[in-house]
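Engineer: Below you will find the structure I want to go over with you.
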Amino acid sequence: MAEEKSKTALLKEKIMMTEPKGVKALSKEEIKKADDFCVGYRKFLDNSPIEREAVRYTVEMAKKAGFVEYDNEAEYKAGDKVYYINRDKAVALAVIGKNGVKDGARLAIAHIDSPRIDLKPNPLYEANNLAFFKTHYYGGLKKYQWTTLPLSLHGSIVKLDGTRVDVNWGDDENESCLCITDLLPHLAQEQVKQPLAKAIKGEDLNVLIGSRPYDTEDKESDLVKLNVMSILNEKYGICEGDFLSAELCLIPTFKSRDIGFDRSMIGGYGHDDKVCAYPAIMAALDIENPEKTCITYLTDKEEIGSDGNTGMQSDFLRFFIYDLAKQDGIEGYRALSKSTCLSADVNAAFDPTYASAYEANNSSYINNGVVISKYTGHGGKYDTSEASAEFMGDIRRMLEKNDILWQVGELGKVDGGGGGTIAKYVANMNVDVVDLGVPVLSMHAPFEIVSKTDVYMAYRAFYAFFDFNS
Numbered sequence: 150m151a152e153e154k155s156k157t158a159l160l161k162e163k164i165m166m167t168e169p170k171g172v173k174a175l176s177k178e179e180i181k182k183a184d185d186f187c188v189g190y191r192k193f194l195d196n197s198p199i200e201r202e203a204v205r206y207t208v209e210m211a212k213k214a215g216f217v218e219y220d221n222e223a224e225y226k227a228g229d230k231v232y233y234i235n236r237d238k239a240v241a242l243a244v245i246g247k248n249g250v251k252d253g254a255r256l257a258i259a260h261i262d263s264p265r266i267d268l269k270p271n272p273l274y275e276a277n278n279l280a281f282f283k284t285h286y287y288g289g290l291k292k293y294q295w296t297t298l299p300l301s302l303h304g305s306i307v308k309l310d311g312t313r314v315d316v317n318w319g320d321d322e323n324e325s326c327l328c329i330t331d332l333l334p335h336l337a338q339e340q341v342k343q344p345l346a347k348a349i350k351g352e353d354l355n356v357l358i359g360s361r362p363y364d365t366e367d368k369e370s371d372l373v374k375l376n377v378m379s380i381l382n383e384k385y386g387i388c389e390g391d392f393l394s395a396e397l398c399l400i401p402t403f404k405s406r407d408i409g410f411d412r413s414m415i416g417g418y419g420h421d422d423k424v425c426a427y428p429a430i431m432a433a434l435d436i437e438n439p440e441k442t443c444i445t446y447l448t449d450k451e452e453i454g455s456d457g458n459t460g461m462q463s464d465f466l467r468f469f470i471y472d473l474a475k476q477d478g479i480e481g482y483r484a485l486s487k488s489t490c491l492s493a494d495v496n497a498a499f500d501p502t503y504a505s506a507y508e509a510n511n512s513s514y515i516n517n518g519v520v521i522s523k524y525t526g527h528g529g530k531y532d533t534s535e536a537s538a539e540f541m542g543d544i545r546r547m548l549e550k551n552d553i554l555w556q557v558g559e560l561g562k563v564d565g566g567g568g569g570t571i572a573k574y575v576a577n578m579n580v581d582v583v584d585l586g587v588p589v590l591s592m593h594a595p596f597e598i599v600s601k602t603d604v605y606m607a608y609r610a611f612y613a614f615f616d617f618n619s
């Protein structure tokens, strides 16, 4: 006979929070769905390391799902699906709702840029019969993590005649790769005494790209540099001056891998923030006939402040919503004021190896589902927006109603951590917004780690948000 619960136990069950259910609460069928979902995610991750490539891959998926390019002169009806590209580095996917944007839109916004090593405008030089690229790192990274890695070159070059050449060198195993050198331990006595932030200087992130001189009997200078340039000229038809009008960066050559003997996690470059972008894309592709217009927006430049005409501080998304509102016969600002947004961005997963950096009760954990960050910023909540109690209540109810694993978390200790997302720029448009994303281990490293079940829960959360009637 089952033992009756005490009054204390019943009261505790009624008013106290329970431990997050975590992956142990999922059935084998649900875990299988997560694993299957992540097959597509890994393909996206491997094919979308930089913004232009992410936009191209996203648009290909969208077209296959019936999306057409947006035309601001066209009339759209409920159920229509459109994509809208901003300068090849940001893209919006919209599914027109039964009520259009009269009652606001549902927004899921992720960023598709990640920390990396960019080339300087004049990158190519030769020293001691070796050829190098000079670089300028992009975003918040630990510089020492980028030395002695196999690197590939990605990006675009616009030549003097106006033609654009897309570059992808080093990802194929049969191709050569590039590398940033480091000092051997035998000669690094002074280097290892430096703090990690100073052991490798930004100006020392020089990329080794060649060592053989151009085949000539002429006694010219910089023949190794000339040989490299002749190879690039033959493959891409460019000259050295074309670097002045180029967007080129270096990223790790390795592809994503399953992690752990149980294959429960994924390691790869660019989880921040592709791991939120892909679930938000798939939610937009899968939603049918929503009440409100649903928009997944993939933006650029988040890692360096969201500035520029492809970053979240651009008016691109605002103007897009204004155009949709005009079709519905209302003012754009009214549509925005009624809109709600999930800022689809990651948070730091608790790492027991570095437990002292976290506050355990307010951290997110691998395999406990999506993490909601009520606010980000740093110190005394500087540089943040904070979701209202009402909007937090709406999102809690949505997640619970749909049996989605979720948790809350901050980014480290109050005075030790902090970071930012695009949420504050959305809030500045008078939109209710909260951060919701996937917890990540080794964030901003060249090889980050996420849980497959958390990725799948992110998809379920974005889909439920688009389908939510509150």
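In the numbering used here, the protein residues as written are 150 to 619.
Using N, Cα and C, we set each Cβ at its ideal position, and we do this for glycine too.
Thr-284: which of Asn-278, Tyr-293, Pro-272, Asp-435 sits nearest, CA to CA?
Structural biologist: Out of Asn-278, Tyr-293, Pro-272, Asp-435, Pro-272 has the C-alpha closest to the C-alpha of Thr-284.
Engineer: Taking its Cβ as the centre, do 16 or more other Cβ atoms sit within 10 Å of Ser-197, making it buried, or is it exposed?
Structural biologist: When all chains shown are included, Ser-197 counts as buried.
Engineer: Between the C-alpha atoms of Ile-164 and Thr-157, what's the straight-line distance to the nearest angstrom?
Structural biologist: The alpha-carbon atoms of Ile-164 and Thr-157 are separated by roughly 11 Å.
Engineer: Considering only the beta carbon of each residue, do Phe-614 and Leu-491 sit closer than 9 Å?
Structural biologist: The answer is yes: Cβ separation under 9 Å.
Engineer: In the DSSP output, which residue or residues are listed as bridge partners for Ser-600?
Structural biologist: Ser-600 is bridged to Met-414.
Engineer: Out of curiosity, what's the CA-to-CA distance linking Asp-543 and Ile-571?
Structural biologist: Straight-line Cα distance between these residues: approximately 20 Å.
Engineer: Quick check on DSSP: helix, strand or coil for Leu-159?
Structural biologist: The answer is helix: DSSP assigns Leu-159 an H, G or I state.
Engineer: Between the stretch 405-412 and the stretch 162-181, can you find at least three pairs of beta-carbon atoms closer than 8 Å?
Structural biologist: The answer is no - the stretch 405-412 does not touch the stretch 162-181, with fewer than three Cβ pairs under 8 Å.
Engineer: Can you tell me whether Met-150 is buried or exposed, with buried defined as 16 or more other CB within 10 angstroms of its CB?
Structural biologist: Its pLDDT being 49, under 50, Met-150 is placed unreliably by the model, and the measurement read from it follows with that caveat. Counting Cβ neighbours within 10 Å, Met-150 comes out exposed, since fewer than 16 surround it.
Engineer: Within its chain, find whatever has a CB closer than 6 Å to the CB of Leu-372; leave out the 5 residues flanking it on each side and keep chain order.
Structural biologist: Cβ neighbours of Leu-372 beyond the five flanking positions: Pro-362, Tyr-363.
Engineer: Just the C-alpha distance for Ala-610 and Gly-311, rounded to the nearest angstrom, thanks.
Structural biologist: Their backbone Cα atoms lie some 43 Å apart in a straight line.
Engineer: What ranges does the alpha helix (DSSP H) occupy inside the stretch 264-303, keeping only unbroken runs of at least 4 residues that lie completely in it?
Structural biologist: Correct list: empty.
Engineer: Any contact of the stretch 493-500 with the stretch 531-548, i.e. 3+ C-beta pairs under 8 Å?
Structural biologist: Too few Cβ pairs lie closer than 8 Å, so no.
Engineer: On a Cα-Cα basis, can you pick out the residue from Phe-617, Ile-349, Tyr-427, Ala-174 that is closest to Trp-295?
Structural biologist: Nearest of Phe-617, Ile-349, Tyr-427, Ala-174 to Trp-295, Cα basis: Ile-349.
Engineer: Since Gly-460 and Val-520 are thought to touch, with beta carbons under 8 Å apart, how far apart are those beta carbons, to the nearest angstrom?
Structural biologist: No, Gly-460 and Val-520 are not in contact; Cβ-Cβ is about 24 Å, not under 8 Å.
Engineer: Quick one: grab the DSSP three-state call for Ala-509.
Structural biologist: Residue state, collapsed to three classes: helix.
Engineer: Is the distance from the Cβ of Gly-359 to the Cβ of Leu-279 below 9 Å?
Structural biologist: Cβ atoms of Gly-359 and Leu-279: closer than 9 Å.
Engineer: Could you spell out the range, first to last residue, of the alpha helix (DSSP H) harbouring Asp-477?
Structural biologist: 465-477 is the span of the alpha helix (DSSP H), which, as asked, contains Asp-477.
Engineer: Taking just the CA atoms, how far does Val-587 sit from Ser-301?
Structural biologist: Those two C-alpha atoms are separated by around 27 Å.
Engineer: Note the first and the last residue of the continuous alpha helix (DSSP H) segment covering Glu-396.
Structural biologist: Where Glu-396 is concerned, there is no enclosing alpha helix (DSSP H), although the beta strand (DSSP E) it sits in stretches over 395-401.
Engineer: By Cβ distance, which residues of its chain are closer than 8 Å to Lys-374, with the 5 residues on each side in sequence left out?
Structural biologist: So the qualifying residues of the chain are Leu-273, Tyr-274, Glu-275, Ala-280, Gly-359.
Engineer: From Ile-408, Tyr-574, Phe-596, Ala-504, pick the residue whose C-alpha is nearest to that of Leu-560; which is it?
Structural biologist: Among Ile-408, Tyr-574, Phe-596, Ala-504, the Cα nearest to that of Leu-560 is on Ala-504.
Engineer: How long is the line joining the alpha carbons of Asp-252 and Asn-221, rounded to whole angstroms?
Structural biologist: Distance between the alpha carbons of Asp-252 and Asn-221 is about 20 Å.
Engineer: Please return the same chain residues whose Cβ sits closer than 6 Å to the Cβ of Ala-474, not counting the five positions on each side in sequence.
Structural biologist: So the list reads Val-250, Gly-481, Ala-484, once near-sequence residues are dropped.
Engineer: Which residue's Cα is closest to the Cα of Asp-581: Lys-247, Ala-254, Asp-320, Phe-403?
Structural biologist: Cα-wise, what sits closest to Asp-581 is Ala-254.
Engineer: Please work out which residues of its chain come closer than 6 Å, Cβ to Cβ, to Asn-553, disregarding the five sequence neighbours upstream and downstream, and give them in chain order.
Structural biologist: Note on identity: in this sequence residue 553 is Ile, with Asn being the wrong assignment. Excluding positions up to five away in sequence, the list reads Met-606, Arg-609, Ala-610.
Engineer: Which same chain residues, not among the five before or five after Gly-215, have their C-beta less than 8 Å away from its C-beta?
Structural biologist: Only Lys-230 meet the Cβ criterion.
Engineer: Are the CB atoms of Leu-268 and Leu-397 within a distance shorter than 9 Å?
Structural biologist: Going by C-beta atoms, Leu-397 is nearer than 9 Å to Leu-268.
Engineer: Taking the Cβ atom as the reference point for each residue, do Glu-452 and Ser-263 lie within a distance shorter than 9 Å?
Structural biologist: Cβ atoms of Glu-452 and Ser-263: closer than 9 Å.
Engineer: Would you identify the three-state DSSP class for Glu-202, choosing helix, strand or coil?
Structural biologist: Residue state, collapsed to three classes: helix.
Engineer: Quick check on Glu-369: does DSSP put it in helix, strand or coil?
Structural biologist: Three-state DSSP puts Glu-369 in coil, outside helix and strand.
Engineer: Under DSSP, the beta strand (DSSP E) around Leu-332 begins and ends at which residues?
Structural biologist: Segment: none, Leu-332 is in no beta strand (DSSP E) and carries neither H nor E.
Engineer: Return the chain-ordered list of same chain residues with a C-beta closer than 6 Å to the C-beta of Tyr-225, the five sequence neighbours on each side being excluded.
Structural biologist: Only Ile-245 meet the Cβ criterion.
Engineer: Decide if Leu-399 is buried, meaning its Cβ has at least 16 other Cβ atoms within 10 Å, or exposed.
Structural biologist: It counts as buried.
Engineer: Given a cut-off of 9 Å, decide if Lys-601 and Cys-187 are closer than it, judged by their beta-carbon atoms.
Structural biologist: Yes; because the gap between Cβ atoms is below 9 Å, this pair is in contact.
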